[in-house]
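A.B. asks: One structure, as structure tokens, below. Some questions next.
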Amino acid sequence: MDTHTPTANTILARWRTAKGRGKSADTLDTILEDTTWLIHQAASHHTTSPDDLTIDQLDARTLATIFHALPADPTWTRRYLSARTWLSWAHQRGHHPDPNPPLRRVQPPDSLRNSAVLLLIDEYITSLDKADKTKQAYREDLTNIADTVATNLGTTLVEITLDQLNIRILEAGFATWRTSGGRTTNDGERSKNSRARAHAAWSSFYQWLIARDLATSNPLDAIDKPKISARDPKRLEATTDDDVIDAILTAAATPDEQARPGNRWPERDLAAVSLLLFCGLRRNELCSLNNNSIIRGHQELPRLSVIGKGDKPRTVPLTDDVVAILDDYLTSRQHHHPDTQPADNGPLVVDRHNQRLTVSQLGYLIKRIVSRSGVKKPERSLVHAFRHTYAYRLLSDGVPVNQVKDLLGHESLTTTQRYVQASGDELYDAQRLHSGLPALGRARATLQHTRTE
1 MDTHTPTANT ILARWRTAKG RGKSADTLDT ILEDTTWLIH QAASHHTTSP DDLTIDQLDA
61 RTLATIFHAL PADPTWTRRY LSARTWLSWA HQRGHHPDPN PPLRRVQPPD SLRNSAVLLL
121 IDEYITSLDK ADKTKQAYRE DLTNIADTVA TNLGTTLVEI TLDQLNIRIL EAGFATWRTS
181 GGRTTNDGER SKNSRARAHA AWSSFYQWLI ARDLATSNPL DAIDKPKISA RDPKRLEATT
241 DDDVIDAILT AAATPDEQAR PGNRWPERDL AAVSLLLFCG LRRNELCSLN NNSIIRGHQE
301 LPRLSVIGKG DKPRTVPLTD DVVAILDDYL TSRQHHHPDT QPADNGPLVV DRHNQRLTVS
361 QLGYLIKRIV SRSGVKKPER SLVHAFRHTY AYRLLSDGVP VNQVKDLLGH ESLTTTQRYV
421 QASGDELYDA QRLHSGLPAL GRARATLQHT RTE
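For the sequence shown, the residue numbers in the working numbering are 1 to 453.
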């Protein structure tokens, strides 16, 4: 046996430690039973013992041989799903040496593919045109509730089939899931946002099933969805927006005396703040910028190439002042890291070790800058408040809402219009600008004149 290659049992134990807590007891026991069976089958195929079978011996050819010898029945589906649950995790974590998914040569028969809930969930997730994080969240909501439903039915996640689901069963599953596991609020229930997202995931899943003629109706239509009130965007607050921007920029341009000497980098800090306040970037968008994200040419206006939510690209114009601040930062970066030649696809905003600035590092940096500026911190996401301030300022300056939508990278105009909401005084001032008010005054004068006759 190659002592440098971990055994299959070792990787199975790692999976149980990492993922076992997220499964019901029955589902976990079933997966462990099926994967143990698979290890024994593979050991027999390679004429070795189960304890000595290495993970690389569970290769595509061996797995195909084992599964092709089984009859196509519910037991086949259960063992296949158990194996894929474990081996997909091992492959994603780099524990399996095969560069491709180990089970790629094993395809479930159509009769099974259109009945096993877990198989259908996988196919649905693959079909989604959404960001990876969104797809992962949908997968978790679907599988967690499916696992709860399976437990209520006395079966397991890898055995439950589509024909076992109906309104009553799903409603009971949602009710159980609502108060079990995960992060709960003070009343012992999952948050409204979590419940609403799970409801949306299952509703979308059933719409997909209906489109494929695998379901005739959507049971989620009969299950109450938590009502989420739209939260008003929170911008940075001070006496005026000018005070906010000036205070933040001044703090960013001033070295932080409380920071370690190696972390005092005002050029970098000012560049990051400028990208947030004058380009409206999300925190992930800023941290994912590369050196070649800045686009400029002899006859082109400088602009920033941004990859937004759902990997959707957009272009944000760069003003001369922002370009000058970015150039100052790039010059200072050469002084901070003189032995490194930045690559075009290398990170634009870096930390003191010349590594890409992470989202958490950016959050800490902005928190320090806002604290030193004296600006009131918003109750929610601090970094995102910069984006709200950017949008609010553009709209206040008369920029059309559809142009602000494009600059922010919003898919829906409705999302951008939330920023139009203003205070009572601001709305009153807006009403006073109505061009028809003089005519109203003249009409009132006419009315008064009529009364005196």
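For each residue, glycine too, the CB sits at the ideal point set by N, CA and C.
Please state the DSSP three-state secondary structure of GLU140.
C.D. replies: helix
A.B. asks: Roughly how far, in whole angstroms, is the beta-carbon of THR456 from the beta-carbon of LEU120, given that I think they are within contact range, below 8 Å?
C.D. replies: As displayed, the chain neither begins before 1 nor continues past 453, which places residue 456 out of reach and without an answer.
A.B. asks: Could you say which of SER332, CYS287, ILE66 and THR416 lies nearest to SER360 if we only look at CA atoms?
C.D. replies: CYS287
A.B. asks: If you draw a straight line from the alpha carbon of ASN100 to that of VAL322, how long is it in whole angstroms?
C.D. replies: 44 Å
A.B. asks: Is it right to say ASN166 is buried, meaning 16 or more other beta carbons lie within 10 angstroms of its own, or is it exposed?
C.D. replies: exposed
A.B. asks: Grab the span of the beta strand (DSSP E) containing LEU304 for me, first residue to last.
C.D. replies: 300-307
A.B. asks: Which two residues bound the contiguous beta strand (DSSP E) that contains THR77?
C.D. replies: THR77: not part of any beta strand (DSSP E); member of the alpha helix (DSSP H) spanning 74-92, first to last residue.
A.B. asks: According to the neighbour-count rule (16 or more other Cβ atoms, all chains shown, within 10 Å of its Cβ), is LEU70 buried or exposed?
C.D. replies: LEU70 counts as exposed, since fewer than 16 other beta carbons sit within 10 angstroms of its beta carbon.
A.B. asks: Within the continuous beta strand (DSSP E) that includes THR315, where are the two ends?
C.D. replies: 313-317
A.B. asks: Note down, in chain order, each residue of its chain lying with its Cβ closer than 8 Å to the Cβ of THR216, except the 5 sequence neighbours on either side.
C.D. replies: ILE210
A.B. asks: ASP425 to ASP243, Cα distance in whole Å?
C.D. replies: The predicted position of ASP425 is uncertain, since its pLDDT is 48 and thus under 50; no value can be drawn from it.
A.B. asks: Would you check if the distance between the CB atom of SER24 and the CB atom of ASP141 is smaller than 8 Å?
C.D. replies: no
A.B. asks: Helix, strand or coil: how does DSSP classify GLY346 here?
C.D. replies: coil
A.B. asks: Using 8 Å as the threshold, is the stretch 305-320 in touch with the stretch 330-340, meaning 3 or more CB pairs across them?
C.D. replies: no
A.B. asks: Given this structure, state the Cα-to-Cα distance separating ILE160 from ASP269, to the nearest angstrom.
C.D. replies: 53 Å
A.B. asks: Under 6 Å Cβ to Cβ from ARG208, same chain only, skipping five residues before and after it: list those, please.
C.D. replies: A small correction: the amino acid at residue 208 is Trp; Arg does not occupy that position in the sequence shown. Counting only residues of its own chain and dropping the five nearest sequence neighbours on each side, TRP208 has a CB closer than 6 Å to the CB of TYR124.
A.B. asks: Under a three-way DSSP split, which group does ASN290 fall into?
C.D. replies: strand
A.B. asks: Since I believe VAL273 is in contact with ILE248 (beta carbons under 8 Å), could you give me their beta-carbon distance rounded to a whole number of angstroms?
C.D. replies: Under the criterion of beta carbons closer than 8 Å, ILE248 and VAL273 qualify as touching, at roughly 6 Å.
A.B. asks: Using CA coordinates, which residue listed in VAL399, ASP397, GLY308 and LEU365 is at the minimum distance from ASP132?
C.D. replies: GLY308
A.B. asks: Quick one: what does DSSP say LYS376 is sitting in, helix, strand or coil?
C.D. replies: strand
A.B. asks: Nearest CA to the CA of THR5: which residue from ILE66, ALA72, HIS95 and HIS40?
C.D. replies: HIS95
A.B. asks: Out of curiosity, what's the CA-to-CA distance linking SER305 and HIS353?
C.D. replies: 25 Å
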